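One structure is given here, and the rest of the page talks about it.
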Amino acid sequence: MASPGTDLPDRYDPSATEADIYQRWLRAGAFTAHAQASARTGGDRDPFTIVMPPPNVTAILHVGHGLNNTVQDVIIRWARMQPGIEALWVPGTDHAGIATQNVVEKQLAAEGKTRFDLGREAFVERTKAFVAETGGTILDQLRALGCSADWTRTAYTFSPELSRAVREAFVRLFEKGLIYRGHRVIHWCPRCLTSLSDEEAEFEPETGKLYHVHYPVSDDPSRMLTVATTRPETMLGDVAVAVNPADERYRDLVGRTVRLPILDLEIPVVADDYADPAFGTGVVKITPAHDANDFEVGMRHQLAMPVVIDETARMREVSDAAGRVPAWLAGLDRFEAREKIVEALKASGALVKVETHTHNVRHCYRCDTVVEPRLSDQWFVRMAPLAKPALEAVRTGAIRILPERWEAVYTNWLEGIRDWNISRQLWWGHRVPVWYCDRCAAPHDVIASREDLTQCPHCGGPVRQDEDVLDTWFSSWLWPISTLGWPDEQAPDLAAFYPTDVLVTAPEILFFWVARMIMAGYEFRGRAPFHTVLLHGTVRDTEHRKMSKSLGNGIDPMDVIRLYGADALRWTLVSGMGLGADVILDPRDLEKSFATGRNFATKLWNIARFLLSNVGNEPVPPLDSIAPERLTRADAWILARLDAAIAECNTALGPLRPTTPVNAPDGHAWRPEERYAGMRLNEYAETARRFVWSELADWYLEAIKGRLAEPGADRDVARAVLVHAFDAALRLLHPIVPYITEAIWQTLPSRPEGAVLMLASWPTPTRTAQRGADEFELVREAVSALRQIRAEYAVPPGKLVDAHAVAGDGAARVFAEEGSVIGRLARVALRVGGAAPAGAAAHAILSGASELVVPLAGLIDVEKECARQKAELANLEKQITALEGRLANEKFVSKAPAAVVEAEREKLRDWAARRTQLQEKVRSLCGA
RNA sequence: GGGCGAAUAGCUCAGCUGGUUAGAGCGCCUGCCUUACACGCAGGAUGUCGGGGGUUCGAGUCCCUCUUCGCCCACCA
């Protein structure tokens, strides 16, 4: 890394720089937050906290993680730079029950073994070893990305501390009656051999068949009820057929029986609203053990619930099913059984019709296997009471969700929330903290305990622990509190940093995770866990397909970091991301996607090189030591542009947190006017880029080159302004591109000894006089006009040409004093005042009735110049006509706001004056 | 089936509560290696703002409708 005053290498090399910078931040302790500094625990700094959505412990960084963590890092770095803020970003990983278990089971399969060969204990040990060895890779990758998380607080959902939180939460909910054992049809993955929550069983459209089967009426075999089913194999578990009570066609059959084909069993016809008269024949077969709806019907009519499909999805008499699985079907996979049954039905003539049928089928979200609805005992969380405060939070504005439209989705889901199946028949995860005593009677036979039990607390007899583990999300939903020390209410971090502030994630896990964290926050801490949920989009390829391993359309963020630097990756992700919008990248052309970021870093580097070689080593006076009258127009202009840029960045990023405390449990709520404001990271990025590139580099730097070359007092003014403006630009940009800005900042002469930019303060406006700034706009206008003339007349770039300024009102001084600046930027020798020289010349009309005349002997084609001016005049006439029409419109003048009308009048005056000048020009040029 | 979002330059997208001649990056054309930068500089071209209708003095922006593409939810056998 370069040090102050030394020359920078010609080119910035991220791969040679980023790791050093990261070490420097670590050495400075810049990532570590201090609980004692928090105002909530007696310190003098307001805490600002983000908890990182924990990636799966075995995950490898993909571009989605890159996006998610870049956004968080931008926000936390921005917050950290605000005065009086103690910023904490808590990192960590998730043990990811099913996902991790699947990975290890695959390894075992490669060795020709299953988890059952190892046994539970050995399997868990092996998984632990695997996690210890390979887990956490992703955290190193996040470091490479530049993430400024507090690694001293790295958490893990399966650590002893967080496991304690899981137990506490379970036992508390159990004691409140919010956790219960339920016997019902749940989603079962026959490959993972576990139950799944509703959220984990994802719908996917599938083209199947709809089989129409005749069920003869028992006491009138000539009469057939036609039943339509997509799953004939479940016929073995049929215990009834249902018709709608209002359905005239079948009213006489209710209470009678039909004969179930294949098994030739008599089953009743029941009347139930579930049967939809408009669908198919209006008759539906009822298999309570293998369909959630049929289960409900079964409950209502007290029907038997034979289980005919086992946990591996094979046909078997599991329970209450004696005689229901014939030998020729026993042991067959459900889909093979389906084929056989269809054949049999066809042979017997019971199958009357087969249609193709597209419907949604639930699949396991981890392995994509078709889920089997299955009657079993599971642990459930009663969600309605938990949902109440979570709904209230968004309704009152204690929590906002960005983009706004997701608030409706959130509300809709919570209003219709169903109980959460939290038990999993896995081995990798938190064991359900429930013990059973065979000696005691209910309710003492089921004991939930914070401590492991070896004997029954009621009778002292032997106990056995529940075999199941808890859903991974049952630990994740505690993340904002558990990572801060809960259930230890005295934990310093909990007091200092809870509630947290912003949660950044993708909409996919709004229900899985975000909504449940909000519920847990209220249930266990009585507070919302955060005030802002920021949902970002998905990274997709140019065909808008989600990037995925299986499609092979992914981008490896580590490749991008290696090739272009972490800053380039971050820049591309942040600047390409509208609020909540997807980020589209082309995996086949990394250069196209990421060169922009690299080029920007290079630009910053070159500005720094220029600055260092021209500003020199001598001390630079601080800006506030410069008397305002010593500032040139260019100085005033760039400082005004800086103020504007700071203000725009602040607006784009928005308030850090709700600004108005209210009399509410959460102590705050978003006011309507600020509720959906801020978090426009792309607008912030664009503003900062525009300032440093289009304004500072393109105009200011060029304008002051002469002054920097001339020793004297004015050189110091230019040095002071330049260093101040560039320093501020680096501060503005630092959260997005932390490495390059830090690398450069370390070389600036203004920097306090030993300081790091990461901990420097966010810039504030300087509020310099506006007058000079406005006058510099005339300079820019003149330069642009002159450059345009040069280009149109193909003046050789190196050639210095004469130019004559005819100054309008009040502009004479500007031209006189800025002549050398204009001359430098437009390569002209500018003369001011007096009459314009005669002869062929190019002309430009500027605002304020000023005019530029460029005599171009030999280059000017009078006809061309005439045409040029005529075209400009014609264009202006068109605009004026439209504007005059508007102003002549009685209704416009009377109905539009006065300010708008006045602005239009003003505009017309300007244009009219300009038209007069142009007309004169055209007359003299094109005259005779 | 219900709800929501998107459609703006060749590409990726800004355009906030309706009010200058609709912007940026990339790409394209012309000219430049002007001692910070060719990963650059200067100049330039390109838009019936998806179609149709409406509200309004005024619509890319609001309303209706159609088309196309996404997303979320849902027990249709």
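Under the numbering used here, think of the first position of the first sequence as 1040, with each following residue one higher.
Here a beta-carbon is modelled for each residue, glycine too, at the ideal position from N, C-alpha and C.
Being a predicted model, the structure only gives us computed values, none of them experimental.
| query | result |
| --- | --- |
| Measuring alpha carbon to alpha carbon, tell me which residue in PRO1750, GLY1751 and THR1780 is nearest ARG1770. | THR1780 |
| Name the DSSP beta bridge partners of HIS1226, please? | LEU1235 and PRO1412 |
| Counting along the chain, where does the beta strand (DSSP E) carrying PRO1307 start and finish? | 1304 to 1310 |
| Is the distance from the Cβ of ALA1647 to the Cβ of LEU1047 below 8 Å? | yes |
| Enumerate in chain order the residues of its own chain whose CB-to-CB distance from LEU1212 is below 7 Å, with the five nearest sequence positions on each side excluded. | ILE1218 and VAL1420 |
| Alpha carbon to alpha carbon, how far is GLU1057 from MET1718? | 26 Å |
| May I ask which residues mark the beginning and end of the alpha helix (DSSP H) holding PHE1633? | 1629 to 1654 |
| Where ARG1852 and ARG1728 are concerned, what is the direct C-alpha to C-alpha distance, given to the nearest angstrom? | 32 Å |
| Report the three-state DSSP secondary structure of ILE1884 (helix, strand or coil). | strand |
| Which residue marks the beginning of the alpha helix (DSSP H) containing VAL1756, and which one marks its end? | 1752 to 1772 |
| Could you spell out the range, first to last residue, of the beta strand (DSSP E) harbouring ASN1399? | 1390 to 1403 |
| Would you give the residue range spanned by the beta strand (DSSP E) that PHE1242 belongs to? | 1240 to 1256 |
| Could you tell me the distance, in whole angstroms, from the CA atom of ARG1220 to the CA atom of GLU1287? | 40 Å |
| Under the DSSP definition of a beta bridge, which residues are partnered with ASN1095? | ASP1133 |
| Drop a sphere of 10 angstroms on the beta-carbon of LYS1324, count the other beta-carbons inside from all chains shown, and report buried for 16 or more, exposed for fewer. | buried |
| At the level of alpha carbons, what is the spacing between GLY1615 and SER1515? | 30 Å |
| So which of ALA1067, ASP1049, LYS1248 and THR1173 has the shortest CA-CA distance to LEU1796? | ALA1067 |
| Run through the segment 1338 to 1377 for me and flag every whole beta strand (DSSP E) of 3 or more residues, listed as ranges in chain order. | 1346 to 1348 and 1354 to 1358 |
| If we ignore side chains and look at the alpha-carbon of each, how far apart do ALA1310 and PRO1284 end up? | 5 Å |
| Within the same chain, show all residues whose beta-carbon is closer than 6 Å to that of PRO1316, passing over the 5 residues directly before and after it, in chain order. | ASN1283 and ASP1286 |
| Rounded to whole angstroms, what's the CA-CA distance from LEU1864 to ALA1684? Just pull it up for me. | 24 Å |
| Can you tell me the Cβ-Cβ gap for LEU1414 and MET1344, rounded? I've got them flagged as a contact below 8 Å. | 6 Å |
| Since LEU1549 contacts GLY1619 with CB under 8 Å, what's their CB separation in whole angstroms? | Actually they do not touch by this definition, with Cβ atoms about 12 Å apart. |
| Which complete alpha helix (DSSP H) runs does the segment 1652 to 1733 hold, if anything under 4 residues is left out? | 1672 to 1692, 1711 to 1714 and 1720 to 1728 |
| Given 8 Å as the limit, is there contact between the segment 1645 to 1665 and the segment 1731 to 1746, that is, 3 or more CB pairs closer than that? | yes |
| Count the other CB atoms, across all protein chains shown, that sit within 10 Å of the CB of ASP1277; report buried if there are 16 or more and exposed otherwise. | buried |
| Between the segment 1506 to 1514 and the segment 1125 to 1144, do three or more beta carbon pairs fall short of 8 Å? | yes |
| Determine the closest residue to GLN1908 out of ALA1880, HIS1497, ILE1115 and LYS1930, with distance taken between C-alpha atoms. | ALA1880 |
| Looking at the unbroken alpha helix (DSSP H) that takes in TRP1466, where does it start and where does it end? | Note, TRP1466: premise wrong, no alpha helix (DSSP H); not H, not E. |
| What three-state label does DSSP hand PHE1334 in the structure shown? | helix |
| Anyone know if the C-beta pair for VAL1968 and GLY1593 falls short of 8 Å? | Summary: the structure shown does not reach residue 1968, with the chain confined to residues 1040 through 1967, and so no result is reported for it. |
| Give me the residue from ASP1900, GLN1958 and VAL1893 with the minimum Cα distance to ASN1914. | GLN1958 |
| Let me know the alpha helix (DSSP H) ranges lying completely inside the segment 1770 to 1837, each 4 residues or longer, listed in chain order. | 1777 to 1784 and 1810 to 1831 |
| Give a yes or no on contact between the segment 1526 to 1536 and the segment 1068 to 1080, applying the rule of three or more CB pairs nearer than 8 Å. | yes |
| Fully enclosed by the segment 1500 to 1542, which beta strand (DSSP E) runs are 3 residues long or longer? | 1502 to 1504 |
| Could you tell me the alpha carbon to alpha carbon distance between PRO1093 and PHE1169, rounded to whole angstroms? | 18 Å |
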